[in-house]
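Remarks on the structure that follows.
Following this line, the structure appears as C-alpha cells:
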C-alpha cells in the first residue's frame, strides 16, 4: 500500500481541480482511498501491485487535469518513480499500462460514456448507399 500526494496547478475549467480528481479517483477500482487535503492537493492510497503513481498522474493528464510541474514536484515524482519501479521489480510485477492509463484506471467512468458511432443524423440519412 502506497500513499502519495497529487498536486495540481494551472488553468483548468474548474477552479479547484482536487475535488474533481478525487471524485474520479474514488470511483476507480485500483485506488483504495482518496482524500482532498487542500484546494490543489489530493492524497491517494493505492496498491503498488495494481497501479503506480506515474500511471495515476498520466491518467489524470489524459483527462485534462493540470498537475504541478515545479522543480520540487518533479524531483519528488522522479524519486517516487524510482522507488516504485524498484519495489515492483522486487515483487516481479510488470506494468499493465501501455499508453491507455486513463481507460484502465477509470474503467467505470468510461463505461458510463456512450461509445460507437456519434453521428447525430438519423439512421436513414447515414445509410444512403
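Numbering (this note's numbering), first residue to last: 17 to 145.
C-beta atoms are modelled at their ideal positions from N, C-alpha and C, and glycine is treated no differently.
Quick check: what's the CA-CA separation for residue i versus residue j?
| i | j | result |
| --- | --- | --- |
| residue 63 | residue 141 | 50 Å |
| residue 55 | residue 84 | 13 Å |
| residue 18 | residue 49 | 10 Å |
| residue 45 | residue 35 | 18 Å |
| residue 100 | residue 51 | 21 Å |
| residue 95 | residue 102 | 11 Å |
| residue 33 | residue 72 | 15 Å |
| residue 110 | residue 78 | 21 Å |
| residue 87 | residue 23 | 13 Å |
| residue 93 | residue 43 | 24 Å |
| residue 98 | residue 80 | 25 Å |
| residue 105 | residue 89 | 24 Å |
| residue 139 | residue 70 | 43 Å |
Go ahead and pull the three-state DSSP assignment for residue i.
| i | result |
| --- | --- |
| residue 69 | helix |
| residue 39 | helix |
| residue 143 | coil |
| residue 76 | helix |
Below 8 Å on the Cβ atoms is my contact criterion, and I expect residue i with residue j to pass it. Report the Cβ-Cβ distance as a whole number of Å.
| i | j | result |
| --- | --- | --- |
| residue 21 | residue 53 | 7 Å |
| residue 41 | residue 60 | 6 Å |
Look at residue i and residue j and say whether their C-beta atoms are less than 8 Å apart.
| i | j | result |
| --- | --- | --- |
| residue 137 | residue 82 | no |
| residue 58 | residue 75 | no |
| residue 91 | residue 65 | no |
Looking at the secondary structure, which residues open and close the alpha helix (DSSP H) in which residue i lies?
| i | result |
| --- | --- |
| residue 92 | 87–107 |
Where do the ends of the beta strand (DSSP E) carrying residue i lie?
| i | result |
| --- | --- |
| residue 50 | 47–54 |
| residue 59 | 57–62 |
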